[in-house]
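Numbering (the working numbering), first residue to last: 10 to 225.
For reference, the structure is listed below as structure tokens.
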């Protein structure tokens with residue numbers, strides 16, 4: 010984790026169980042506390058909108074720091090490899106010559122990847138893969154991903170205002186497929202994490218509003 014400057018995790022105030030879980034995961038990786046930033050959340054009727062706004066806040070803060078690289082985690086993220094293996098894989102990736110805009114540590118379901126793996130068997134190129142549970146972005150790419158998330162959030166909010174319900178095609182982990190097609194998205198090999206089995210608030214009530222940056 011030496012080459013990652015900031016680590017953000019998204020957590021609702023009313024989910025202290027998730028706070029404990031993700032804190033344990035970070036301790037397991039022996040990540041210095043000064044690198045870790047918690048994105049606080051508040052309850053809201055439409056969970057998908059709250060989720061994307063939370064990620065937007067984290068990216069905005071990252072851009073404001075001027076740092077090179079950050080990891081964004083949702084609080085149900087679990088590392089599936091040891092600290093040693095995780096660092097080994099990430100070090101190989103970040104010392105390679107591969108241009109990486111976004112590095113996903115986990116994904117669920119079926120995705121579309123290039124096979125075989127490249128760069129010492131630690132990377133797969135992504136063309137379609139859901140899940141925003143854990144991903145690393147660079148300062149060069151962050152503004153573009155921020156634009157994608159803002160665009161999806163605007164469309165989602167308009168849909169909610171018009172129909173009083175959500176439209177999942179505008180959720181961040183679906184809408185960012187537009188970026189995966191044209192930007193340099195990769196998945197670690199092996200996957201370094203997964204989502205835990207704890208109950209999700211996204212399908213119930215969620216609005217994770219970051220408290221790090223004033224709203225526009």
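Just so it is clear, CB atoms sit at the ideal spot from N, CA and C, and this is done for glycine as well.
Remember, predicted model here, so these are calculated numbers, not experimental data.
Whole-angstrom C-beta distance between residue 14 and residue 78, which should lie under 8 Å: If you number the chain shown from 1, residue 78 lands on position 69. If you number the chain shown from 1, residue 14 lands on position 5. Between residue 14 and residue 78 the Cβ distance is about 6 Å, and since that is below 8 Å, they are a contact.
State the beta-bridge partners of residue 35 as determined by DSSP. Stepping through the chain shown from its first residue, residue 35 is reached at position 26. According to DSSP, residue 35 bridges with nothing at all.
Opposing strand residues paired with residue 113 [DSSP bridges]: Working through the chain shown from its first residue, we reach residue 113 at position 104. Its beta-bridge partners are 144 and 196.
Return the CA-CA distance between residue 58 and residue 92, expressed in angstroms with no decimal places. Here the question's residue 58 lines up with position 49 in the chain shown. Here the question's residue 92 lines up with position 83 in the chain shown. Cα-Cα distance, rounded: 33 Å.
Residue range of the beta strand (DSSP E) that residue 94 falls in? In the chain shown, the residue the question calls residue 94 occupies position 85. Per DSSP, residue 94 belongs to no beta strand (DSSP E); it is in the alpha helix (DSSP H), 92-103.
For residue 33, count the other beta carbons within 10 Å of its own beta carbon; 16 or more makes it buried, fewer makes it exposed. Which is it? The count along the chain shown starts at 1 and reaches residue 33 at position 24. Result: exposed.
Taking the beta strand (DSSP E) that residue 86 falls in, what are its first and last residues? Within the chain shown, the letter at position 77 stands for residue 86. Residue 86 -> beta strand (DSSP E) spans 86-88.
Residues that DSSP places opposite residue 18 in a beta bridge: Position 9 of the chain shown, counted from the start, is the residue given in the question as residue 18. Answer is 47 and 82, bridged to residue 18.
Endpoints, the beta strand (DSSP E) within which residue 137 is located: The residue you call residue 137 lines up with position 128 of the chain shown. Note, residue 137: beta strand (DSSP E), 132-137.
Bridge partners of residue 121, per DSSP? Against the chain shown, residue 121 aligns to sequence position 112. Looking at the DSSP assignment, residue 121 forms a beta bridge with 137.
Pair within 8 Å by beta-carbon distance, residue 65 and residue 162: On the chain shown, position 56 is the one that residue 65 refers to. On the chain shown, position 153 is the one that residue 162 refers to. It is a contact, given that the beta carbons lie within the stated cut-off.
Alpha-carbon to alpha-carbon, residue 43 and residue 138: Taking the chain shown and counting its residues from 1, the one referred to as residue 138 is at position 129. Taking the chain shown and counting its residues from 1, the one referred to as residue 43 is at position 34. Approximately 31 Å between the Cα atoms of the pair.
Would you kindly report the start and end of the unbroken alpha helix (DSSP H) that includes residue 66? Locating residue 66 in the chain shown gives position 57, where the first residue counts as 1. Counting along the chain, the alpha helix (DSSP H) containing residue 66 begins and ends at 56-74.
Taking a contact to mean a Cβ-Cβ separation below 8 Å, would you say residue 200 touches residue 104 in this structure? As a working mapping, residue 200 is identified with position 191 in the chain shown. As a working mapping, residue 104 is identified with position 95 in the chain shown. Cβ distance not < 8 Å, so residue 200 and residue 104 don't count as in contact.
Residue 234 lies in the alpha helix (DSSP H); which residues open and close that run? Outside the shown range of the chain (10 to 225) lies residue 234, about which nothing can therefore be said.
On the DSSP bridge list, what partners appear for residue 189? Within the chain shown, residue 189 is the residue found at index 180, counting from 1. Paired residue(s): none; residue 189 is not in a bridge.
For residue 202, the first and last residue of its enclosing alpha helix (DSSP H): On the chain shown, position 193 is the one that residue 202 refers to. It is not in any alpha helix (DSSP H) - residue 202 instead sits in the beta strand (DSSP E) that spans 202-204.
Own chain, CB closer than 6 Å to residue 131, minus 5 neighbours either side, in chain order: Here residue 131 is taken as the residue at index 122 of the chain shown, counted from 1. Once the five neighbours on either side are set aside, the close Cβ partners of residue 131 are 98, 101, 102 and 198.
Report all residues from its chain with a CB closer than 6 Å to the CB of residue 165; omit the five preceding and five following residues, and keep chain order. Numbered from its first residue, the chain shown carries residue 165 at position 156. Cβ within range, chain order: 58 and 179.
The alpha helix (DSSP H) with residue 184 in it runs from where to where? If you number the chain shown from 1, residue 184 lands on position 175. First-last of the alpha helix (DSSP H) with residue 184: 181-184.
Spatial neighbours of residue 76 within its chain, please: C-beta separation below 8 Å, excluding the five flanking residues on both sides. Working through the chain shown from its first residue, we reach residue 76 at position 67. Within the same chain, residue 76 has close Cβ partners 14, 15 and 148.
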